[in-house]
Amino acid sequence: MSRRWWIVWTLFFSTAINYINRQTLSVLAPVISKEFHLNHEQLSNIFGAFQFAYAGTWLIGGIFLDIVGTRIGLSIAVIWWSLVSIVTTFANSAFSFGALRFLLGIGEGFNWPGASKAVAEYFPAQERSVAVAIFDSGSSVGGAVAAIAIPWIALKIGWRFAFTFSGVLGFVWLALWLAIYPRSRPQAAKPASLNLRNTRTWLPLLKRRETWAIVIGRSLTDPIWWFYVFWLPQYFSDTRGFSLKQIAIFTWIPFVAADLGNFAGGLTSGALVKRGMPVLRARKWVCIVSSLPILAGIPAVLAVSPYSSLALICLALFGYASWSTMGLTLPSDLFPPEVVASVTGLTGLAAGLSGTLFTLLVGTLVDHFSYFPAFVVAATAPILATLSIVFLIRGERSNVYA
């Protein structure tokens, strides 16, 4: 197996560990909210603190990674978020949880710009969607592992030790990363037509229609993922009566469905390109088809049986993950490697801010109404996201490079 595939599988593990860290609090939310008497608005504020910091770091982290390189940048990020996770073991109030989630978001925001940059540097166009599917599927695997392992740790030795476990994993990964990722940067090809070779700033990118297509698309789809990631355990506890043990038994399943969606989108797109379909057209078709199963979120909240609800949520997350793989692949299709992390960071900033607003809104909706409006928004927003990709990225005139 060539070096580039070792790199992308190492990024898969960083993404998985990233999600185990962030999901620890979400999985334990029913227990922690009961112990500290937190309502849904307070929980949404804690979740929102993470997202706000995370959104900003997507942008700043992307620029930082374009300057210092992927190897050093991701090493710093993993050390940061692992230490914060360990310190969360000692949190004892809504404020301390919120502050530590904010700090966690700063570190974790580096992962996706860094991974996208590595893919742009090491993979040709026909392999990029598969590479993105591999590293992005770590989010689903990490979410599933967290749903199983974190309740088990909490039930056996206490919920505080779960945060320590999450943090230690990062240091194990760091040793693997430093051994695999090259010290020197690759000499990636740069398309002359973009005229962005010597820039270190994302500001010129704002003039490009393609940038806004990805910004709008991700701003309308990423909040879906945040909704299910943050609120799924709490939803099944609140409305379906699940205990912590039941959460461990069942709530990992939607993450497996999302993992399958990552690979379905990536492999389908890659196969279409290999059969001669233009790269951007292949990405668009996958977005169009993927937006349809996300609508299953509406009958999910209306289902009488909790297991029917779970199955429909699995279908919705399958569609989301397939769409998301295209959203993360497009920057490396449209822009040269030296600015891919910045582009990804810019779109991540917009997506993170929209996700923060939606997370805060969910807390208010649940406390005053129900989960139903949130499920409806999460199901229908991808239709608009897909339209932005289809109409703002036109034909193959964007500078796709191999």
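Offset between the sequence shown (1-based) and the numbering used here: plus 8.
Just so you know, even glycine gets a beta-carbon here, dropped at the ideal spot from N, CA and C.
First and last residue of the alpha helix (DSSP H) that includes Val-16?
Residues 11 to 43.
Who are the Cβ neighbours of Leu-361 in its own chain at under 6 Å, not counting the five residues just before and after it?
For Leu-361, where only same-chain residues beyond five positions count, the Cβ hits under 6 Å are Ala-63.
Reducing DSSP to helix, strand and coil, say where Phe-118 ends up.
Phe-118: coil per DSSP, three-state reduction.
Measure the C-alpha to C-alpha separation of Trp-331 and Thr-388 and round it to an integer number of angstroms.
The straight-line gap from Cα to Cα measures roughly 14 Å.
What are the start and end residues of each continuous alpha helix (DSSP H) run of 4 or more residues lying completely inside the stretch 289 to 364, in chain order?
DSSP runs (the alpha helix (DSSP H)) wholly in the stretch 289 to 364: 305 to 310, 314 to 342.
Return the CA-CA distance between Gly-56 and Gly-284, expressed in angstroms with no decimal places.
Taking the straight line joining both Cα atoms gives about 43 Å.
Terminal residues of the continuous alpha helix (DSSP H) containing Ile-222?
Where Ile-222 is concerned, the enclosing alpha helix (DSSP H) stretches over 217 to 247.
Determine the burial state of Arg-191: buried for a count of at least 16 other Cβ atoms within 10 Å of its Cβ, exposed for fewer.
The residue is exposed, with fewer than 16 neighbouring Cβ atoms inside 10 Å.
Taking its Cβ as the centre, do 16 or more other Cβ atoms sit within 10 Å of Phe-326, making it buried, or is it exposed?
Buried is the call here.
Would you decide whether Glu-218 is buried or exposed? Buried here means 16 or more other CB atoms lie within 10 Å of its CB.
By the neighbour-count rule (16 or more Cβ atoms within 10 Å), Glu-218 is buried.
Given a cut-off of 9 Å, decide if Gly-175 and Val-237 are closer than it, judged by their beta-carbon atoms.
Their beta carbons are not under 9 Å apart, which means Val-237 does not touch Gly-175 by this criterion.
For Ser-41, which residues in the same chain have their Cβ closer than 7 Å to its Cβ, ignoring the five residues on either side in sequence?
Correct list, in chain order: Leu-51.
Shortest alpha-carbon distance to Leu-19 belongs to which of Arg-168, Ile-232, Ser-137, Gly-146?
Cα-wise, what sits closest to Leu-19 is Gly-146.
Using a Cβ-Cβ cutoff of less than 7 Å, which residues in the same chain neighbour Trp-14 once the five nearest sequence positions on both sides are dropped?
Here the set comprises Ile-188.
If we count the other Cβ atoms within 10 Å of its Cβ and call it buried at 16 or more, is Arg-11 buried or exposed?
Arg-11 should be labelled exposed.
To the nearest angstrom, how far is the alpha carbon of Ile-458 from that of Leu-36?
Nothing can be reported for residue 458: it is not among the residues displayed for the chain, which extend from 9 to 410.
Look at the alpha carbon of Thr-207 and the alpha carbon of Ile-222, and state the distance between them as a whole number of angstroms.
Low confidence applies to Thr-207: its pLDDT is 44, below 50, so where it sits in the model is not reliable enough to give any reading.
Looking at the structure shown, is Asn-47 part of a helix, part of a strand, or coil, going by DSSP?
Coil, per DSSP.
Is the separation between the beta-carbon of Trp-239 and that of Ser-34 shorter than 9 Å?
Closer than 9 Å, so yes.
Between the Cα of Gly-288 and the Cα atoms of Leu-310, Leu-338, Gly-274, Leu-320, which residue gives the shortest distance?
One point to set straight first is that residue 288 is Leu, not Gly, in the sequence displayed. Checked all of Leu-310, Leu-338, Gly-274, Leu-320; the closest Cα to Leu-288 is Leu-338.
Of the residues Val-39, Leu-369, Ala-139, Thr-367, which one's Cα is nearest the Cα of Asp-341?
Of the candidates Val-39, Leu-369, Ala-139, Thr-367, the one whose C-alpha sits nearest the C-alpha of Asp-341 is Ala-139.
Going by C-alpha to C-alpha distance, which of Thr-96, Phe-169, Asp-230 sits closest to Leu-365?
Comparing Cα-Cα distances from Leu-365 to each of Thr-96, Phe-169, Asp-230, the minimum goes to Asp-230.
What is the rounded straight-line gap between the Cα of His-45 and the Cα of Phe-169?
In a straight line, the C-alpha of His-45 is about 20 Å away from that of Phe-169.
Quick check: what's the CA-CA separation for Asn-203 versus Leu-323?
With a pLDDT of only 40 at Asn-203, under 50, the local geometry of the prediction cannot be trusted, and no value is derived from it.
Within 9 Å (strictly less), CB to CB, does Ser-245 reach chain B?
Although the question refers to chain B, the structure presented lacks it and comprises just one protein chain.
Using the three-state DSSP reduction, which class does Phe-377 fall into: helix, strand or coil?
Three-state result, Phe-377: coil.
To the nearest angstrom, report how far apart Gly-151 and Gln-31 are at their CA atoms.
Rounded to the nearest angstrom, the two C-alpha atoms are 6 Å apart.
Nearest to Ser-299 by alpha carbon, out of Trp-234, Gly-269, Ser-316?
Closest by alpha carbon: Gly-269.
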